[in-house]
Every structure is written in C-alpha cells, then in structure tokens.
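In order, the protein sequences belong to chains Y and S. Letter by letter, the first sequence follows residues 1 to 245 of the working numbering. Letter by letter, the second sequence follows residues 1001 to 1245 of the working numbering. Note that CB positions come from ideal geometry on N, CA and C, so glycine has one too.
Protein chains: 2
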Amino acid sequence: MPRIIKHPELRREELLNHAQALFLTHGYDRASLNDVIAAAGVSKGAFYHYFASKEALLEALAERFARQALAGVQDVLGDPALDPLGRLNALLAKSRQARVETAAEAWALFETMFRPENLVLFHRINLAASAAFSPLLVEIIRQGVADGTFHTFDPEGVADIVMQFGMATHDVVAKAIVGGSDADMDTAIEALEKRVRLYEIALDRILGLPDGSIRIGEPGYVRAVMTARRAGPTAAVPSKIRKRS
Amino acid sequence: MPRIIKHPELRREELLNHAQALFLTHGYDRASLNDVIAAAGVSKGAFYHYFASKEALLEALAERFARQALAGVQDVLGDPALDPLGRLNALLAKSRQARVETAAEAWALFETMFRPENLVLFHRINLAASAAFSPLLVEIIRQGVADGTFHTFDPEGVADIVMQFGMATHDVVAKAIVGGSDADMDTAIEALEKRVRLYEIALDRILGLPDGSIRIGEPGYVRAVMTARRAGPTAAVPSKIRKRS
DNA sequence: CTATTATACCAACCATCGGTCTATTCTCAA
DNA sequence: TTGAGAATAGACCGATGGTTGGTATAATAG
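Rendered as structure tokens:
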C-alpha cells in the first residue's frame, strides 16, 4: 500500500501547532509526549526525527513565538522619522501587542494558561522574546541617552527592567484570576490596565521623562482585543490527559 | 539487631537538607526522589511518611527558606522609632541579606545553581518569599503614602515591582556567569552591585523621593559575604545523577 | 531503468520516574 | 505486658521520556 508523505516542513509545523495547543491547555509538564504525537497523528519515531527531545520541542515553540513577535519591528529602529521616545513607544506597543494577541489567541484557555503548571512554557517564551527584543531596546535607549532625551547611567539595566515589566504582566493576570472571588476576565483586565499605567509612570521617572511620556499601547487596548475574541468560537479541545494527584 | 531511631523531627530536617543540596546542584526536575532518599539514607516508605509528594517536599523547602528570610523582620514594621523610609530601607536590607546569604550558603554550587534547570526551585522559593514579604511591604508603603513620604497611586503595584527587582537579581547573576567570557564570581558580583544601584534609583523615582533615599543594604555587602564564604570548605557532593541528553 | 543513498517514518522496547501498598519493627503510654 | 499507632522497609505499579532496529519512500547517480 502506498504511504502518504506530506511535505516535511509542514509536518514539523503541524507538530508545533498541536504541541502549542496541548502545552497551553495542560502545561508543558502535564502534556505528555504521547499526547502530542497522538494529537498530531504521528509516530514517536517521526517525532524524534524532527526534534531531539521534548525540551527541544519547547525551545522551538518559544523561538517561533519570539520570531512572530519580532516580525515587523526591525524597521522601527531605523526609521529616521522617529525620535528615541517615539521609537521606544513604538517598540513597547509592538511588544505588548504581541503579548496580548498571544494571550487572546488562546482565549478559551484563559484560566488554564495562567496557572503555575504553565510556568516552564511561559518562562521559555519570555526568555526567547527577551533575547529578541532586548538588543533593540538597548540600542534605542542608548540613542536616547546620546541625544539627551533619556537620562540614565545603565541602558542595559533599564532595558532589563522594561522586559521585567513585560513579563510581570503575566503574573498580574494570574493573581487577578486565581485570587479574585469571581475569577472573570474583567477583573484580570482591570488589574492589568492599572499595572500598565504604573509601569508607564515608573519608566517615565526612571528615564527622567515627564509623566505621561511613555505610552505602552493605547489605554483600553487589552480590553478591546480580549472582548473581540471572546465572542469568537470556543476551541473545544477534548482532553484525555490525566490529572496529577 | 537493634534499630537506630533518630528523633523524628530531625529526620524531616535531614531530608530537607539533603533535598536542598541535591536540588541546588542538579535542579528539582533532575534530582530524583530516589536520589534524595539515597542521599539521606532513608527508605521510600519513610519519605512518604514525612512528605505527601515530591511537590510537597519542594514546598516545604521553599517555606523554610521564606521562614528563615523573614526571621526578625516582623518587628521592623511596628518599630515606632522608624519613619516609613527607614522602615522600607530596613526591610529591603533584610530581604537582600537573606537572598545573598542563601546564595552564599550554596557557594560551592555557584555555577550550577543559576542554570535554567533550577527554574522551578527558585520560582517556588521566590514565591514563598514574596508571600511572606509582600504584605509587610504594602503596609509600609501605605504608611509612607499616608504621611506624605512616598508618592504613588498604587502601593500594591510598587510592592510587586520591589519584589520583581529582588527576584531579578537572580537573573542578573545568571547572565553574568553564563554570558561572561570567564565565568567568575567577580564579574557576577560587579554586575549585581551595578544593578542594585539602578534599582535603588528606580525606586527613588517611582516613589517620588530624591535620588539616594533608598538604600538596599550597604554597598559592597554582597562582595563581602561572598568572598568570606569563598574561602570556606568546598562541599564536595559526589554525583551519580544522570545527564539529560 | 536500475542501484544506491538519504530521508521519512514506524512501533516495540527500555530504564527510570513519582507514587502505592503491604508487611514489619519500634516506641511508649496504659 | 500489651496494644495501638508511628516509623520504616522495599517490592511493586503505570506512565513517562527516550532509544533502537528496521521499513518504506524519495532523490540521485550510473
């Protein structure tokens, strides 16, 4: 009987897609390799042909996230029409947009994706995103310091703080969901928006700018994206994955 | 033959000690339960008499860290001789001291303890530490806002930022070690001290204080503690734990 | 067209993992 | 002395991530 051979590069993407869905719903640890290959309809041998290990799969997933997030940001740096503050704001908005859309994409998974069992997954994603964004950030801040827009003695440090703030939003949402009496989206979004305002002012002051200079995307942006997707179809992922004792 | 029975409460501590050493050297995931009980010279049955699971062991370990870190801090909050800024500085110094001494305690493990495989362990420790410190921090900041010392609209948010800064020092050291050409202690400490200075100024500005108000422990403190312990005996932990491929 | 090699794939198999279970030994108060 | 319960031992379990030996297809060379 003839064997059906799909295009190899698509096979790999398919594996990544199924892994992403499973990791987001159940967490990297709980979703077993067998679950992934079963979902993708692929044998173990095939999997290990494309990836060296489960770890490598996670890494590839994080890289893909980072690559997508970075898409279209490179040109911001070189745009001569923007001053350093404009560049920084543009980059922050882009970065935030990527984060929000990633979360929104997995909206049906909102409650599960912010649970501690997904720690490893999100750490990797954030790590990859940092690695991609950080050099751009440092360069922009350096330019700003050079032309007197920003005032700081440690551009790398400030860039790290900015990335920290970005990562911390994940924890903010997690707290709002887990700690809230009714764990709904509105509570989470409200907490998130408030925190973003604080981060903006904190960055203003750290960089010696007047309050209100830094704008990490438009106010209400998170709510808009989230609610738009909320109405969308719920991705029902039938789960046969065990509960941990 | 007579059985040697140790005091039960000591048995539990002993288990924690061996687990701590193994988790720090090889990471929570890689150090197996069998490794732990083998190191402690205890049977599996005995282990599961004291702990409900490997998770519970990790949790107990994190709790112990947090408890040690919190020791002697409670009275800072009630001390009437201190103003809010004094209280905040005292708390920060205490928090930092705990972190540094934890790191120094595991000095022989310096290179391994900052590797990604220890992510889970440190996340738990930081979580426990946050849970312990955060309420104190929020209260102090609230007091300061009330009497006009601090200026912010979001005390909880600022407290979170402070905790973030504390946790981030871990990453700073990791980067200095992993990224540096010669991964030595001096590079790491230097990077750490510089970053702490940045955090101090950032907090000054976020809270609307004049630069130099916040002092997270004395300058040079990290170096002093680290170098003091460096000369100490190297804890040679014979490792039979497998390498992950 | 055939021979050869590299790629894509399969599924049985493995060591080890965290965790359970039953049996036994020890401790100490009544 | 004895009985109850705490403490300990270690065989055992299902599941896991990972390995292996082998097969089928595609690409290429002669």
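Residues of the segment 194-218 of chain Y with a C-beta atom less than 7 Å from some C-beta of chain S are 194, 195, 198, 202, 205 and 206, listed in chain order. Contacts with chain S at 8 Å (Cβ-Cβ) include residue 168 of chain Y. Taking C-beta separations shorter than 7 Å and ignoring five residues to either side along the sequence, the partners of residue 1213 of chain S in its chain run 1085 and 1204, following chain order.
Between the alpha carbons of residue 1097 of chain S and residue 1068 of chain S lies a gap of roughly 11 Å.
For the pair residue 56 of chain Y and residue 139 of chain Y, the Cα-to-Cα distance works out to about 30 Å. Less than 8 Å divides the Cβ of residue 195 of chain Y from the Cβ of residue 169 of chain Y. When rounded, the separation of the alpha-carbon atoms in residue 82 of chain Y and residue 144 of chain Y is 11 Å. Secondary structure note for residue 33 of chain Y: its alpha helix (DSSP H) is the uninterrupted segment 33-40. Taking each of S/1094, S/1090, S/1122 and S/1047 in turn and checking the Cα distance to residue 1070 of chain S, the smallest one comes out for S/1094. Here the C-alpha atom of residue 12 of chain Y lies approximately 40 Å from the C-alpha atom of residue 1163 of chain S. Residue 47 of chain Y: member of the alpha helix (DSSP H) spanning 44-50, first to last residue. With distances taken between CA atoms, residue 150 of chain Y lies nearest to Y/206 out of Y/59, Y/206, Y/33 and Y/134. The Cβ of residue 148 of chain Y sits no closer than 8 Å to any Cβ of chain S.
In summary, the residues of the segment 121-144 of chain Y whose CB is separated from some CB of chain S by less than 7 Å are 123, in the order they occur in the chain.
Within its own chain, the residues whose Cβ lies closer than 6 Å to the Cβ of residue 1211 of chain S, once the five positions on either side in sequence are excluded, are 1201 and 1204, listed in chain order. With respect to residue 36 of chain Y, residue 19 of chain Y sits close: the two C-beta atoms are nearer than 8 Å. Taking C-beta atoms as the reference points, residue 136 of chain Y and residue 1157 of chain S fail to come closer than 8 Å. Annotated three-state conformation of residue 30 of chain Y is coil, per DSSP.
It is roughly 33 Å from the alpha-carbon of residue 1025 of chain S to the alpha-carbon of residue 21 of chain Y. Annotation for residue 1209 of chain S: no alpha helix (DSSP H) segment contains it, and DSSP assigns it neither H nor E. Rounded to whole angstroms, the separation of the alpha carbons of residue 153 of chain Y and residue 1191 of chain S is 13 Å. Exclusion of the five residues before and after residue 88 of chain Y leaves 140 as the residues of its chain whose Cβ lies within less than 6 Å of its Cβ.
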